[in-house]
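Number of protein chains: 2
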Amino acid sequence: MADRDQPFHVDVALVHYPVYNKNREVIGSAVTNLDIHDIARAGRTFGIGAYYIVTPYQDQQKLVGEIVGHWQDGYGAAYNSDRQEALNTVKICDDLQSLYDLVCRDGNKPLVVATSAKEQGKGLSYGDLQQRIFKGEHVLLLFGTGWGLTEDALADVDAMLPPVCGHGDYNHLSVRSAVSIVLDRLLGRT
Amino acid sequence: MADRDQPFHVDVALVHYPVYNKNREVIGSAVTNLDIHDIARAGRTFGIGAYYIVTPYQDQQKLVGEIVGHWQDGYGAAYNSDRQEALNTVKICDDLQSLYDLVCRDGNKPLVVATSAKEQGKGLSYGDLQQRIFKGEHVLLLFGTGWGLTEDALADVDAMLPPVCGHGDYNHLSVRSAVSIVLDRLLGRT
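So the protein sequences, as listed, match chains P and C.
Read in my numbering, the first sequence has 848 at position 2, and its numbers run on one by one without any break.
Read in my numbering, the second sequence has 857 at position 11, and its numbers run on one by one without any break.
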């Protein structure tokens, strides 16, 4: 059993490129307002460090900046300070390489762990990852939008969590639900 | 440990009235598109029976019907049959009384369990509720939108699950995240 009172360092990245579309073509997906809010709120609830939004598109980055700014410095900050606190974790970066450069700033590369709705290689259980987190290992969780991270992107990660399963083989969760469940499994207290 | 292979009967209701707003006034909140989709997808993933959307407003009920219809019979049904399957669980009802009448059709009232971001009386643990679910008890989970179900609404429920907590005392999850986490805690498999 992991000692949940230990400090931990978990970051989350929501990747909009490179991901697959429905027809398994490599695309850049659109940033959505509720992905920013819901994942920032879940991240803050579970005590993550940073929530990276990865998109190469300048207009999408500008949109993220405007939304976050509204709740950090604009009308939203006074209207709902809880939301401000959640959105303070949001950082924007261009692509996976700049994400990895950012999180390795201090010279220590985190354990990069992806999640997938499909069973993949490099499997790591929730229990084992939880142990490593509460022993102090820095972990970066990658979540793909659209129909998931590309094979090339997954080739570079260190480990893969098993798909979130319920009853039967239907597991078409929204990425917002998947992030919430994965953070709860790793960091939640019941 | 609950026997997860037993059949179970869990329904979910997302309540838009009566709930509190930010100033603790009793309001009817607006239905949102992503609440319909995300919770239907999570519900289908975890094998719930029905997903009730409770709102007294006819225009909101019409909107829900149109959104669900698009994915059941319209263009969406052909475009994404997984989404169709999730949205097939959606039912609309006017208020809590008609919800209770609907779920008691066969004469057996389910255990009505609410969730709240705040600690309340009538506490029931996730483990105990899971045991009851997999022993065959019919359970209806109520989730409030806005700033949560009113005290009057909570007075009528049978039990309350503890708030979803992570690290520290920040627990301002979206209702989409809260439903996903609660269903995973009760019905998920790791």
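Backbone N, C-alpha and C define an ideal beta-carbon position, used for all residues, glycine too.
Values in this document were obtained by computation on a predicted structure and should not be read as measured data.
Straight-line gap, residue i to residue j (C-alpha atoms, nearest Å)
i       : j       : result
P:D974  : C:L987  : 31 Å
C:P864  : P:R978  : 44 Å
C:S1026 : P:A1024 : 8 Å
P:D940  : P:L880  : 20 Å
P:G911  : C:A1001 : 43 Å
C:V861  : C:A1005 : 16 Å
P:G982  : C:G1034 : 27 Å
C:L970  : C:R870  : 25 Å
C:W993  : P:A999  : 39 Å
P:L1029 : C:L1032 : 16 Å
P:R1022 : C:K955  : 33 Å
C:Q904  : P:Q976  : 47 Å
C:D851  : P:G953  : 47 Å
P:H916  : C:D884  : 25 Å
P:S927  : P:T878  : 21 Å
C:Y1014 : C:D919  : The sequence given here places Gly at residue 1014 of chain C; Tyr does not occur at that position. C:G1014 and C:D919: Cα-Cα distance of roughly 45 Å.
C:L933  : P:S1020 : 13 Å
C:V872  : P:V872  : 47 Å
Selected residue, minimal CA-CA separation from residue i, among the options
i       : options                             : result
P:E931  : P:V958, P:L948, P:L945 and P:A886   : P:A886
P:L909  : P:Y921, P:I882 and P:S927           : P:I882
C:K937  : C:G953, C:H916, C:A896 and C:D905   : C:A896
P:V858  : P:L970, P:A960, P:N1017 and P:R1031 : P:A960
P:H1038 : P:T991, P:D998 and P:R1035          : Outside the displayed range of chain P (847 to 1036) lies residue 1038 of chain P, so it cannot be described from this structure.
P:S944  : P:Q906, P:V900, P:D884 and P:K868   : P:V900
C:V855  : C:K868, C:T935 and C:S927           : Inspection of the sequence shows that residue 855 of chain C is occupied by His rather than by Val. With distances taken between Cα atoms, C:H855 lies closest to C:T935.
P:R929  : C:G953, C:S927, C:D849 and C:K868   : C:K868
P:F989  : P:Y1016, P:L942 and P:F980          : P:L942
C:A848  : C:L933, C:F980, C:D919 and C:K968   : C:F980
C:V1003 : C:G967, C:G1014 and C:S1020         : C:G967
Cβ-Cβ separation, residue j to residue i (assumed contact under 8 Å), whole Å
i      : j       : result
P:V839 : P:L957  : Missing from the structure shown is residue 839 of chain P; chain P here goes from 847 to 1036 and no further.
P:Y898 : P:T996  : In fact, because the Cβ distance is near 18 Å, the residues do not count as touching under 8 Å.
C:P902 : C:G874  : 6 Å
C:A876 : C:Q906  : 7 Å
C:Y972 : P:T1036 : 5 Å
heavy atom of the ligand HEM below 7 Å from residue i C-beta
i      : result
P:A876 : By its list of ligands, the structure shown contains no ligand whatsoever, and the ligand HEM lies outside what it can speak to.
Neighbour list for residue i in chain D, Cβ cutoff strictly below 8 Å
i       : result
P:T1036 : Although the question refers to chain D, the structure presented lacks it and instead comprises the protein chains P and C.
Q: Count the C-beta pairs between the stretch 916–926 of chain P and the stretch 890–900 of chain P that are closer than 8 Å, then say yes if the count reaches three, no if not.
A: no
**Q.** Given 8 Å, three or more beta-carbon pairs between the stretch 997–1010 of chain P and the stretch 941–957 of chain C
**A.** no
Q.
Restricting to runs no shorter than 3 residues, where is the beta strand (DSSP E) found entirely within the stretch 875–906 of chain P?
A. 897–900
Q | Whole alpha helix (DSSP H) elements within the stretch 960–1033 of chain C, 4-residue minimum | A | 972–980, 997–1001 and 1021–1033
Q: Taking only runs that begin and end inside the stretch 908–944 of chain C, name each unbroken beta strand (DSSP E) of 3 or more residues, in chain order.
A: 936–939
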